[in-house]
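Structure first, then comments.
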């Protein structure tokens, strides 16, 4: 059988035209090239592993492809009627409908965190990559009159954790930060990640940014923002950022409104400017938005700053007529233009639970991201989400059950894939499978057969 097969092949080659013989020769060369592809050659495999692991390649890919976000961690407002599923935490993970079955929620449970003082539970403050930052709420009450009190939030201890690996690191609040009022805590990439541009934040390279408020001794009702940074690692610890002379109003008039383009933003009532903090330089500044974009300074609940995959700065605002409007700042000219508009009264008609008395006043923004906006009428907490891609309004999704901020959960990147088996007549062996993006590139080059791996 083998002899006849070779004779038949030779006969076919003898009768073929010169063009067909040249095509067959190139086909055989392509087949030989594919047999030395990263899916079957250990030397090429090692070479590709070095390529896809290089900082330049990772940085380039990350600039072109957004991180995979299978869901969000939502803060549960205790004043809202919907309690968290476990009944004893103030946050819950809500998967995206397209990836609801990708990750078991039980893998993201935070039951491994230290309990500490039961009277001060851990509260979700920020997320970055797959890491979560939690803190304890340290509230100090002050009496103004016999029946009037006001509260101030101070810094307390924090913890950074990775639910996937069930690891955590507690962070004791520094004396410097502990003496200030609390404006927010945020996760930052480590210095090594920033320099390479292609890494991913992990438990070994994260940083925590603590932003506080320091009252002026010489001017009542005014203060100055301060920043401190905690770095992980054996040589890490707290460092105080350089002082600044930015003057801001009293603490009670300041509210966080978003994060975009490596900057943090706070709105200040009675002020026509917004407080901004550059995450890279740790410098504070006052930024002025057009009044048509920002609205009245007192409307902080109807104003959010968001980013976008194109790197442009965007602002979401609920107008007086309840039009949810997305403004984008054009790169180059700096001009602000309306990009998307959704009429909330019209878009919510027919939604379950919708009352005619809703949206008599401007709606409030509960949470905002580059993917969707959560809003509720002022008359009653009735949350709906607006998809920024399709501009569709949805009421039934689980995310609408929790009246609190939402923080994205990103899968670790680049993905770590296990080896798979290569089909070989002589023997089967385990080989390295590059990350999905690299394997697709290799597959296009040499038309290698599909090889699947498990994460």
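In the working numbering, the protein residues as written are 23 to 477.
We put the beta carbon where it would ideally sit given N, CA and C, even for glycine.
Small disclaimer: the values here were computed from a predicted structure and weren't measured.
| Query | Result |
| --- | --- |
| On the three-state DSSP scale, how would you describe residue 313? | helix |
| Just to confirm the assignment, what range does the alpha helix (DSSP H) spanning residue 367 have? | 366-369 |
| By Cβ distance below 6 Å, which residues in the same chain neighbour residue 231 in space, the five residues on each side in sequence not counted? | 208, 210 and 251 |
| Can you find the residues in the same chain that come closer than 7 Å, C-beta to C-beta, to residue 90, ignoring five residues on each side of it along the sequence? | 432 and 433 |
| Let's see if you can read the secondary structure: which residues bound the beta strand (DSSP E) around residue 236? | 229-237 |
| Spatial neighbours of residue 449 within its chain, please: CB distance less than 7 Å, with the 5 preceding and 5 following residues excluded, ordered by chain position. | Annotation note: pLDDT 43 at residue 449 (below 50); position unreliable, coordinate value reported separately. There are no such residues. |
| What three-state label does DSSP hand residue 422 in the structure shown? | helix |
| Just curious, the beta strand (DSSP E) that residue 345 is in, first and last residue? | 345-351 |
| Are the stretch 414-428 and the stretch 382-393 in contact at 8 Å, needing three or more beta carbon pairs? | yes |
| Using C-beta distances below 6 Å, list every residue in its chain close to residue 154, excluding the 5 sequence neighbours before and after it, in chain order. | 183 |
| Helix, strand or coil for residue 117, going by three-state DSSP, please let me know. | strand |
| With a Cβ-Cβ cutoff of 8 Å, do residue 266 and residue 246 count as a contact? | yes |
| When the Cα atoms are used, what is the spatial distance from residue 319 to residue 308? | 14 Å |
| Label residue 351 either buried or exposed according to how many other C-beta atoms from any shown protein chain fall within 10 Å of its C-beta, with 16 as the threshold for buried. | buried |
| Since residue 385 and residue 96 are thought to touch, with beta carbons under 8 Å apart, how far apart are those beta carbons, to the nearest angstrom? | Actually they are not in contact, since the Cβ atoms of residue 385 and residue 96 sit about 19 Å apart, beyond 8 Å. |
| Taking the alpha carbon of residue 321 as the point to measure from, which residue in 340, 353 and 410 has its own alpha carbon closest? | 340 |
| Could you check what DSSP says for residue 148 in three-state terms: helix, strand or coil? | strand |
| From the DSSP output, in three-state form, read off residue 372 for me. | coil |
| Take residue 447 and list the residues in its own chain whose beta-carbon comes closer than 8 Å to its own, dropping the five residues that flank it on each side. | Because the pLDDT at residue 447 is just 45, under 50, the model does not fix this residue reliably, and the value given afterwards should be weighed accordingly. So the list is empty, once near-sequence residues are dropped. |
| Can you give me the C-alpha to C-alpha distance between residue 285 and residue 420, rounded to a whole angstrom? | 30 Å |
| Ignore the nearest five residues each way along the sequence and tell me which others in residue 259's own chain have a CB closer than 8 Å to its CB. | 252 and 253 |
| Which residues does DSSP list as the beta-bridge partners of residue 180? | 157 and 193 |
| What whole-angstrom Cβ distance do residue 157 and residue 203 have, given they're in contact under 8 Å? | At roughly 14 Å, the Cβ-Cβ gap does not stay under 8 Å, so residue 157 and residue 203 are not in contact. |
| Does residue 337 pass the burial test, meaning 16 or more other C-beta atoms within 10 Å, or should it be called exposed? | buried |
| Nearest to residue 277 by CA position, among 311, 304, 305 and 324, is which residue? | 324 |
| Output needed for residue 417: all residues of its chain with C-beta closer than 6 Å, excluding positions within five of it in sequence on either side, in chain order. | 373, 374 and 406 |
| Taking only the alpha-carbon atoms, compute the straight-line gap between residue 219 and residue 177 and give it to the nearest angstrom. | Any reading at residue 219 needs caution, since the residue's pLDDT is 49, under 50, leaving its predicted position unreliable; the model's value is listed next. Rounded to whole angstroms, residue 219 to residue 177 spans 31 Å at the Cα level. |
| Can you pull the DSSP bridge partners for residue 410? | None; residue 410 has no bridge partner. |
| Restricting to Cα atoms, I'd like to know which of 317, 264 and 268 is closest to residue 292. | 317 |
| Helix, strand or coil for residue 127 per DSSP? | helix |
| Measure the alpha-carbon distance for residue 333 versus residue 315 and round it to whole angstroms. | 19 Å |
| Go ahead and pull the three-state DSSP assignment for residue 275. | helix |
| Can you give me the start and stop residues for the beta strand (DSSP E) that residue 326 sits inside? | 325-328 |
| So, for residue 261: in the same chain, excluding its five sequence neighbours on each side, which residues have a beta-carbon less than 6 Å away from its beta-carbon? | 251 |
| If contacts are defined as beta-carbon pairs under 8 Å, then residue 282 and residue 328 qualify, I think. What distance do you get, rounded to the angstrom? | 6 Å |
| Name the DSSP bridge partner or partners of residue 208? | 231 |
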